[in-house]
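To start, the structure itself, in C-alpha cells.
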Amino acid sequence: MSLTTVGRGIQNASSTTLAVTIYRPVPVGTTLLMPIAWEAGAGTVPTISSIIDTRSNTWTTTPDDSAVSGTTVAVAIVRARVTTPLIPGDTVTITISAARTRWAAQIDATPDLAASPLDAHTHNSGTGTSLSTGTTAATVAQAELVYCAFGFPSGRGPVVPAGWGGGPDLETTAGSTDRALQSTWLYVSATGTQAGTLTLGSSGAWAAAIATYKVSIPRPHVPELPLFTPGVDPGAPIAAALNAGVRDPLTFLTAPPIFRARRTSALTIAAGHQFIAWNQIDEDNYVGWGPSQNPVQAASRYVVQEAGKYCVSAMVSLSGTGAAGLVLVPACAVNGVSPSGFGPNGWEGQEVFVPTGASTQPKLSSGYWEVYALPGDRIEIDLWYSGESGIVAVDTTAGFQCAVEIVFGGV
Amino acid sequence: MAGTDAILTLPDASVVIGPVDPRTWAAGDRGRAKQLTRDVAAAVAWHRNRPFFQGLQTASASVPASSWTALNLDWEMLDPWGGHSGSGELWYPPFTAVAGSITDYYLCSGYVPVSGSDTTKVAVAGLIRNGSDIREGTKLPLNSAHVIDPMVIDLIGVQGGIDTISLGCWTNISGGVSTVVSAKCPSLTARWVGSAVGTVSPLPPVPHSWIPADQLTATATGASPVLGGSKVPLNAEIRDLVRFLNYPPLARLTSQGTSQTIPTGGAFTSIQFPTKDIDTYSGWSSGANTKYTIQRAGLYVAAGYASVAEVSASGGYRAVRLLVNGTTPYGGTSSIPTTSGTTGTALYAVRHLRLAAGDTVEVQLSNTGSSALPVTTAAGNSSRLIMVWRGR
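Protein chains in written order, with the numbering used here: chain A, 1085 to 1495; chain B, -6 to 385.
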C-alpha cells in the first residue's frame, strides 16, 4: 500500500486557474487525489468549472468533500483515475468560476484503490490549534484509505499525528493572506468510523475534509502452493506474504470463478445442433462473458479465465407441439467440440424422449459435466433435438428457460 | 490398489495425504512459517487438487437383461490419483484416513447411452459401490427411433483406499442392450467434495486483507495497537475456513420410508424425504421432510432425483424440477414413460443454485398420466435430493 506525492502547485495572484506540474511518472490505473486550499474571502468553496490534464484523463469536478471556514480558507478533495499515463512535465489545470487570490493544490497518487473507490466522507471547520475533520459514517470495506485535507493560514507549523502519512504542508508565498494546505492519510484494515486530526503550532481558522476510499483487492488466480519462509521481516513484507499466501488462495478456494446464465428471451432454433446464446447473465465473477471476451460470437461463449476443471450444469428446453420420437439433448462443448472426444458438437448430456403434446407440456433435458479448460477456452452449451416436430423455439417460461451454470472445481 | 499415486508434496517437503485439520491458535502464539505451511499450504494443496477421476468406455459392451452390470472404463481421461487400473471397471478413491468407516464423500456422475427398440422396457444408468451397492439414475423408456442417454449423479460415502466406485447399467429388455460408443459413450466422473467427519463451522468471512499495522491473534478482534491496523483472529481466518472447506454443507436425503404417491393432473408435487443419509449442517428436519433448509449461504449444486413406479400404460409425461422457497422453479427433465410396464420412471433436475441461509430447496414431480404413481423407496432407487456447497 503506497501513496506518493507527484505534483504541487501554488497561485499567489487572483486567478480562476491553477496549473500543477507533474514531477513523477503516473501509470495507468493510478488514482490521483488532489486536495486544494483557497483563501475564502467570498465565504464559500469555489465552484470548480473544470480540471484538465495534459493527457485528458477524467477528473471529478464535484469534490468528494469540501469545507469552508468563514472568509478565511476553503478546502476540497477531487480525484481522477488515470487511463492515460502522465509523465513529468505534464500539467493538471484547475479552473474555478470566480477568481481567488491564493491557491495551493497537491496531487497524491496511489495504485491501491478500487475503480469506484469513494466510501464515507465528511468535513468540519473551526478556529484554534486542534483541527479535526469530523467523524465519518462507518466504512463498508475492510481495507480502505483514509484521506484528509486541511486548509489554514500559513506559518502555523502543522504536526501530522503519529502513525499517519503526510509530507510537509504546502503554502502560498505572496507575502500576505497566504494560505496553507496539509494532506494526511492512513490505510486501515477494518470497517468503522474514521476521523483525521492535525495540530497547529499557533491558532488559526481552519477547514478540513475527509474521504475514505475502498482499496482494490484483485481477483486472485488459481493458487500455487503458498510458500511461507521463516524470518520474514515484520511490517510490509509480512503483510504482503500473508496476502499472497493466505488471503489470495483462500479467497479463490471459497469464491472460485462462477458463471450462471439463462436464455430468457425468444430464440429461434432448428432441429439439429445450435449453441445457445445467453441473454440473462445471473453471475459472472471472473468476467468470462461479454463483448470483450467474445468478439466473434458474444452471446453463447463463456471464456475461461483460470485454468482448471469446471463443473457444468445445463438445462435445455423446447417450446411448441411435440411429436412421437422427439428427443432433446444438451451437450457441453469446449472450443466447439466435445472434450470427451465423443460427440460432434459437445459432450452429450441426457437424451430423453420429451413429451409429445402441446406447448404447455414442458420439454426439458439436463446435463452435468466436469471439463478441463485453459484460459481463453470457450465453454458453450449445445442444444440438439430431433426433427419429428415442427418446433422452432426454446421455452422462455420462468423455470423452464435454457440455462447454464459453470463453476471452477480444481486444477 | 490404494489410489495414492498423486501424493501432494509441500514446499517444505512435507506430504499431504488428506485434508488437514488446522490447529487451534492460542493467545500469544506466533505465526510461524511451519504452522502456516501445515495449515494453509496443506489446505491449498488439497482443495485446489481434490481427488478426481474421469474415465470413458470407448468399446461397446453388452448389458444383459435384469442384471446390474459394471462397465469397463478403457480410457482414463483424468486419473491424477491413480485409483483406476488399465481398462477395468473399478475406481478406488484414495485413502484419507484409517479405514473402517466412511471417511470421504464423492460426488459421482455418469452417462450410459444405450439403444433398444421396445417401448415397454427401460434402461437405467447407475453407480455401483463395492460391486453391490447400487445407486440408480435416470430411468428412461427405450425406443428404436433414437438412442437414449440416461444420467446418474449421487453423493457417495466411501472408505478411502478400500471401497470402489463403478459405472453401471441395467435394463429389462429381452436380450439386453449394448452401450453406444458413437457420438457419445459411457462415462464416469468422481470428485471428492468433503470429509465424512469434521467440525461444523460458520460460513468463513472474506479473507482479511493484511496491512503492516495488523496484529495476529488467536480469537481477539478490534483495533491493533498500531494505528489503522486490526487484530486478525487466525482461528476464524484460517482454522474455521479450512475446516469449512474440509467439511462443507453436504446432504443426501432419500424417499426411503415414504408411502407417497404423485397424483395425476400434472401439478408439481413435492417429494417427501423421510430419510437423511448425509446432512452435515442439519438442513433437514423430519417435520418438514420435503425441504432442505440452507444453513450456510453460497452456491450449491442441487441434484433432485424423482423416481416413481409406473402403473402400466398410464401415459402422459413426467417432469421434475427443483423449487426454491416454495416459489421459484428450476427445471430439470421431462419424459414420456414406457408405453406399458411398471418398472418406473426416474428423472433428474441438476442445477447450481445461489442460495441464502434460510432458503429451502424441494424436488417436485409432475405426473400427467391416468394413475397416481408411488414414489420408490428402495435403497437403490429411492428419490433423493443431493446438496453440495460449492462456493461463496
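Beta carbons are placed, not taken as given, at the ideal position from N, Cα and C, and that holds for glycine. On a predicted model such as this, the values are computed, not experimentally measured, just so you know.
Collapsed DSSP secondary structure at proline 1119 of chain A in the structure displayed: Taking the first residue of the first sequence as position 1, residue 1119 of chain A is located at position 35. Three-state DSSP puts proline 1119 of chain A in a strand.
Within-9 Å CB hit, serine 263 of chain B to chain A: Translated into the one-based positions of the second sequence, residue 263 of chain B becomes position 270. The beta-carbon of serine 263 of chain B is placed no less than 9 Å from the nearest beta-carbon of chain A.
Which listed residue (B/Ser7, B/Ala26, B/Ala229) has its alpha carbon closest to that of serine 194 of chain B: The sequence position of residue 194 of chain B within the second sequence is 201, counting from 1. Selected option, being the one with the closest Cα: B/Ala229.
Leucine 234 of chain B: contacting residues in chain A (beta-carbon distance under 9 Å): For the purposes of this step, residue 234 of chain B is taken as the residue at position 241 of the second sequence. Listed by position along chain A, the residues whose Cβ is nearer than 9 Å to that of leucine 234 of chain B are Leu1334, Leu1337, Thr1338.
Alanine -5 of chain B - DSSP class collapsed to helix/strand/coil: By one-based count along the second sequence, residue -5 of chain B stands at place 2. Because alanine -5 of chain B sits at a pLDDT of 42, beneath the cut-off of 50, its placement in the model cannot be relied upon, and the following sentence gives the value as read from the coordinates. Alanine -5 of chain B falls in the coil class under three-state DSSP.
Chain-ordered chain B contacts of valine 1306 of chain A [CB-CB under 8 Å]: As a first step, residue 1306 of chain A is located in the first sequence; it is residue number 222 there, counting from the start. Taking a Cβ-Cβ cut-off of 8 Å, the neighbours of valine 1306 of chain A in chain B comprise Arg41, given in sequence order.
Where the region 160 to 181 of chain B meets chain A: residues whose CB sits under 9 Å from a CB there: Per Cβ criterion, the list reads Val174, Ser175, Ala176, Lys177, Cys178, Ser180.
Minimum Cβ-Cβ distance from leucine 1467 of chain A to chain B less than 9 Å: Here residue 1467 of chain A refers to the residue found at position 383 of the first sequence. Taking 9 Å as the threshold, the shortest C-beta distance from leucine 1467 of chain A to chain B does not fall below it.
Residues in the region 1360 to 1372 of chain A having any Cβ partner in chain B nearer than 8 Å: Considering only beta carbons, the part of the region 1360 to 1372 of chain A lying closer than 8 Å to chain B consists of Asp1366, Glu1367, in chain order.
Leucine 1197 of chain A classed as buried or exposed, judged by whether at least 16 other C-beta atoms fall within 10 angstroms: To locate residue 1197 of chain A, count along the first sequence from 1; it is residue 113. The residue in question, leucine 1197 of chain A, is buried, as its Cβ has 16 or more Cβ neighbours within 10 Å.
Three-state secondary structure assigned by DSSP to proline 1318 of chain A: In the first sequence, the residue the question calls residue 1318 of chain A occupies position 234. Secondary structure of proline 1318 of chain A (DSSP, three-state): coil.
Sequence-distant residues of its chain with Cβ nearer than 6 Å to serine 1422 of chain A (five each side left out): Counting from one through the first sequence, the residue named residue 1422 of chain A turns up at place 338. So the qualifying residues of the chain are Gly1430, Trp1431.
Residue-level contact to chain A via CB, glutamine 253 of chain B, 9 Å cutoff: If you number the second sequence from 1, residue 253 of chain B lands on position 260. No, no contact with chain A.
Identity of the residue in A/Ile1171, A/Val1129, A/Pro1119 nearest serine 1140 of chain A by Cα: As a first step, residue 1140 of chain A must be located in the first sequence, where it is residue number 56. Looking at the Cα atoms, A/Ile1171 is the closest of the given residues.
is_contact[proline 1130 of chain A, chain B] using C-beta, thresh 9 Å: Against the first sequence, residue 1130 of chain A aligns to sequence position 46. No, proline 1130 of chain A does not count as interfacial toward chain B.
Cutoff 6 Å; reference serine 1287 of chain A; Cβ partners in own chain excluding five residues on either side: Position 203 of the first sequence, counted from the first residue, corresponds to residue 1287 of chain A. Shown here for serine 1287 of chain A: same chain residues with a beta carbon closer than 6 Å to its own, the five before and five after excluded, namely Gly1212, Thr1213 in chain order.
Assigned exposure category for alanine 118 of chain B - 16 Cβ within 10 Å defines buried: Here residue 118 of chain B refers to the residue found at position 125 of the second sequence. Burial state of alanine 118 of chain B is buried, judged by a 10 Å Cβ sphere holding 16 or more other Cβ atoms.
Rounded separation between valine 381 of chain B and glycine 1235 of chain A - CA only: Numbered from 1 along the second sequence, position 388 holds the residue referred to as residue 381 of chain B. Numbered from 1 along the first sequence, position 151 holds the residue referred to as residue 1235 of chain A. Between valine 381 of chain B and glycine 1235 of chain A, the C-alpha separation is close to 57 Å.
Helix, strand or coil at proline 1333 of chain A according to DSSP, with G and I counted as helix: Taking the first sequence and counting its residues from 1, the one referred to as residue 1333 of chain A is at position 249. Note: proline 1333 of chain A maps to helix in three-state DSSP.
Sufficient close CB pairs (3 or more, under 8 Å) joining the region 1360 to 1376 of chain A to the region 1332 to 1349 of chain A: The region 1360 to 1376 of chain A vs the region 1332 to 1349 of chain A: in contact.
Cα-Cα separation between tryptophan 1468 of chain A and threonine 30 of chain B, rounded to whole angstroms: Along the first sequence, one-based indexing puts residue 1468 of chain A at 384. Along the second sequence, one-based indexing puts residue 30 of chain B at 37. Their Cα atoms are separated by approximately 49 Å.
CB of alanine 64 of chain B within 9 Å of CB of tyrosine 99 of chain B, strictly: Taking the second sequence and counting its residues from 1, the one referred to as residue 64 of chain B is at position 71. Taking the second sequence and counting its residues from 1, the one referred to as residue 99 of chain B is at position 106. For clarity, residue 64 of chain B is leucine in the given sequence; the question names alanine instead. Going by C-beta atoms, leucine 64 of chain B is not nearer than 9 Å to tyrosine 99 of chain B.
Nearest-angstrom Cα separation, counted from glutamine 208 of chain B out to tryptophan 61 of chain B: Counting from one through the second sequence, the residue named residue 61 of chain B turns up at place 68. Counting from one through the second sequence, the residue named residue 208 of chain B turns up at place 215. Distance from the CA atom of tryptophan 61 of chain B to the CA atom of glutamine 208 of chain B, rounded to whole angstroms, is 60 Å.
Identity of the residue in B/Pro367, B/Arg289, B/Ala206, B/Leu234 nearest serine 305 of chain B by Cα: Within the second sequence, numbered from 1, the residue matching residue 305 of chain B stands at position 312. Closest in C-alpha terms to serine 305 of chain B, from the list B/Pro367, B/Arg289, B/Ala206, B/Leu234, comes B/Pro367.
Segment contact flag, the region 1437 to 1447 of chain A with the region 311 to 330 of chain B, C-beta cutoff 8 Å, min 3 pairs: When C-beta atoms of the region 1437 to 1447 of chain A are compared with those of the region 311 to 330 of chain B, three or more pairs fall below 8 Å, so the two segments count as touching.
Inter-residue Cα distance where the pair is phenylalanine 1343 of chain A and valine 1488 of chain A: As a first step, residue 1343 of chain A must be located in the first sequence, where it is residue number 259. As a first step, residue 1488 of chain A must be located in the first sequence, where it is residue number 404. Cα-Cα distance, rounded: 8 Å.
Three-state secondary structure (DSSP) of aspartate 159 of chain B: Counting from 1 along the second sequence, the entry for residue 159 of chain B is found at position 166. According to the sequence displayed, residue 159 of chain B carries serine and not aspartate. Residue state for serine 159 of chain B is assigned as strand, using DSSP reduced to three classes.
Below-9 Å beta-carbon distance, alanine 1323 of chain A vs any chain B residue: Residue mapping note: residue 1323 of chain A aligns to position 239 of the first sequence, counting from 1. It does; some Cβ of chain B falls within 9 Å.
Burial state of glycine -4 of chain B (16 or more Cβ within 10 Å): Stepping through the second sequence from its first residue, residue -4 of chain B is reached at position 3. Because the pLDDT of glycine -4 of chain B is 45, which lies under 50, any placement of that residue in the model is unreliable, and the number read from its coordinates should be weighed accordingly. So glycine -4 of chain B ends up on the buried side.
Contacts around serine 1098 of chain A, its chain only, beta-carbon distance under 8 Å, and the 5 residues preceding and following it disregarded: Indexing the first sequence from 1 puts residue 1098 of chain A at position 14. Same-chain partners within the cutoff: Ala1183, Arg1184, Thr1185.
Sequence-distant residues of the same chain with beta carbon closer than 6 Å to methionine -6 of chain B, five excluded per side: Your numbering for residue -6 of chain B matches position 1 in the second sequence. Low confidence applies here, because methionine -6 of chain B scores a pLDDT of 36, under 50, leaving its location unreliable; read the following figure in that light. Non-local beta-carbon contacts of methionine -6 of chain B in its own chain, meaning distances under 6 Å to residues more than five positions away in sequence, involve Ser78, Tyr85 in chain order.
Which listed residue (A/Val1230, A/Ile1178, A/Thr1146) has its alpha carbon closest to that of threonine 1527 of chain A: Since the first residue shown for chain A is 1085 and the last is 1495, residue 1527 of chain A is missing from the structure and cannot be characterised.
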